[in-house]
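According to the numbering used here, the sequence shown holds residues 40 to 435 in order.
Glycine included, each C-beta is placed from N, C-alpha and C at the ideal position.
This report refers to the structure that appears directly beneath it.
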Amino acid sequence: MTGITATQQEKVFAALDGFRIEVPSWGFSNTGTRFGKFIQPSAATSIEEKFADAGEVNRLTGVAPTVALHVLWDLPHGTADVPEIKRLETKYGVKAGSINPNLFQNQEYKFGSIANPDPEVRKSALEHLLDSVEIAKALGSRDISIWDSDGSNYPGTQSIRRRIEWTGEALATMHAALSPEQRMLVEYKPFEPAFYHTDIADWGMALALAHKAGPQAKVLVDTGHHYLGQNIEQIVAWLLHLGALGGFHFNDRKYSDDDLTIGSIDPYQVFRIFHELLGDTAGASDVAFMVDQSHNLKGKMEAVVQTVMTAQEIYARAALVDNELLAGLQAKCDLVAAEEHYRGCFWTDVRPIAREWRESRKLASDPLAELRSNGYVEETARARASKNAGSVASYA
Ligand code: AFD
Ligand code: MN
Ligand code: MN
40 MTGITATQQE KVFAALDGFR IEVPSWGFSN TGTRFGKFIQ PSAATSIEEK
90 FADAGEVNRL TGVAPTVALH VLWDLPHGTA DVPEIKRLET KYGVKAGSIN
140 PNLFQNQEYK FGSIANPDPE VRKSALEHLL DSVEIAKALG SRDISIWDSD
190 GSNYPGTQSI RRRIEWTGEA LATMHAALSP EQRMLVEYKP FEPAFYHTDI
240 ADWGMALALA HKAGPQAKVL VDTGHHYLGQ NIEQIVAWLL HLGALGGFHF
290 NDRKYSDDDL TIGSIDPYQV FRIFHELLGD TAGASDVAFM VDQSHNLKGK
340 MEAVVQTVMT AQEIYARAAL VDNELLAGLQ AKCDLVAAEE HYRGCFWTDV
390 RPIAREWRES RKLASDPLAE LRSNGYVEET ARARASKNAG SVASYA
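Written as structure tokens, this is what we have:
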């Protein structure tokens, strides 16, 4: 089949057996851009509907058993909402995954949350982080995934150095509250919503803050959070080398933090990232694969299933690489042979094998085709249209 050897098929099956990816609760509800959102009648309008959608994605794909939760949006009453979440886990067959605090929405965060010059605001933001740790404990979630959007818009209006200290203090206090099996994942992002400086703007800052916080703090790489042209797989290699890679928020981008479908712009970059995880010096056992997307134009369920399948299939391509052969070619600097093997694996169409793997695991051979024909989206549109009709569509 498409020139793939039996050994390669075995490698792909083994890779697909070990592949898991977490879907975001916010990927199922109506969201948009800062210029407005286009309401989808089938979008989830409650935490139950988010779990229902995540459950359908996992039923179709078999590799998405957890759903990331956003504290403010999904657990507005904090730990008091945990029993309901546990009921939904049982009902829909997916578990709560990473817990995402919200440090960017409250009015008091106008000039920052954990890096706000007002100690009272810093205190309140830290309390939210500590509440998020307790929610994760109550749900049995290993990871608390922190995106700190703090920063400033104009030079001279904030002290970058003092904000480094405040941010470090908050994350160190949060680390001390973790239970032994928990992790805190420190995400970085160069800009947006802050446009002059962001307090955690790149992997070096996230790494320094994680290191200061403690050994259970790791770095979260959101593939949309890099300057144009940045070599993300080199960052991944460095974080693996330092034992500091906690996980990924997968999406793709052409210009900014566009949160497009993974692999839709640069699938080869995704392959290169996966190769660093699967390569000859791998050691990437507990790296969390998470999706961070919320589609304004594509159908939400289709986009999530498409994302899961794309991630799976590019991962399978990376698994084709013969790391021993490649290491030998690299040692001899046989450039073209090394590249031909490497990119030859990328160019290999693994979809037929992926279909075989799915059928052998009693899954839909083509989950996207199955979703587009099984009436799930039509049914949820009928059930949810009136609730979505009330959603705010325009730019507020
Ligand atoms: C936005 C931010 C960041 C964060 C996500 C979920 O840019 O990626 O992880 O929202 O809060 O995409
Ligand atoms: Mn993210
Ligand atoms: Mn983002």
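Here Glu220 carries a coil assignment [DSSP, helix/strand/coil]. Placement of the Cβ of His214 at a distance of 7 Å or more from every heavy atom of ligand 3 is found. Using a Cβ distance threshold of 8 Å, Leu111 and Trp396 do not count as a contacting pair.
Assignment of Asn155 by DSSP, reduced to helix, strand and coil, places it in the coil class. Taking the Cα positions, Val344 is about 11 Å away from Ile60. Between the region 292-306 and the region 257-277 there are three or more inter-stretch CB-CB distances shorter than 8 Å, so the stretches are counted as touching. With respect to the C-alpha of Arg161, the residue from Ile185, Asp373, Arg126 and Arg202 having the closest C-alpha is Arg202.
Annotation: the continuous alpha helix (DSSP H) that includes Ser425 extends over Tyr415 to Ala428. Judged by their CB atoms, Gln47 and Leu359 are nearer to each other than the 8 Å cut-off. Look at Thr196 here: in three-state DSSP terms it is coil, with no helix or strand label. A Cβ closer than 5 Å to some heavy atom of ligand 2 marks a residue here, and those residues are Asp261, His288 and Asp331. Taking every protein chain shown into account, the CB of Gln255 has 16 or more other CB atoms within 10 angstroms, so this residue is buried. DSSP places Lys339 in the helix class (H, G or I) of the three-state scheme. Excluding its 5 nearest sequence neighbours in each direction, Arg423 has C-beta neighbours in its own chain below 8 Å: Pro80, Ser81, Ala82, Ala83, Thr84 and Glu88, listed in chain order. Cβ atoms of Thr100 and Leu316 stay farther apart than 8 Å, at about 20 Å. In the DSSP annotation of this structure, the continuous segment of the alpha helix (DSSP H) that includes Asn362 starts and ends at Asn362 to Ala370.
The beta carbon of Ala103 sits closer than 6 Å to those of Ile60, Val62, Val96, Asn97 and Val347, all from its chain and outside the five residues before and after it, given in chain order. Counting only runs of 4 or more residues that sit fully inside the region 70-99, no alpha helix (DSSP H) segment turns up.
A direct Cα-to-Cα measurement between Ile183 and Leu284 gives close to 14 Å. When only Cα atoms are considered, Leu407 and Ala420 end up about 18 Å apart.
If you compare the alpha carbons of Ala233, Glu208 and Trp205 with that of Tyr193, the shortest gap goes to Ala233.
Closest by C-alpha distance to Arg411, out of Asp361, Gly338 and Ser399, is Gly338.
Restricting attention to Glu417, Val389 and Ala245, the CA atom closest to the CA of Val51 is found in Val389. When DSSP reads this structure, Asn139 sits in a beta bridge with His109. It is roughly 28 Å from the alpha-carbon of Glu49 to the alpha-carbon of Thr300. Residues Asn335 of the same chain have their beta carbon placed closer than 8 Å to that of Thr72, with the five preceding and five following residues left out of the count. The beta carbons of Arg181 and Arg126 sit about 21 Å from each other, so the pair does not count as a contact at 8 Å.
Taking the Cα positions, Ile43 is about 9 Å away from Ile392.
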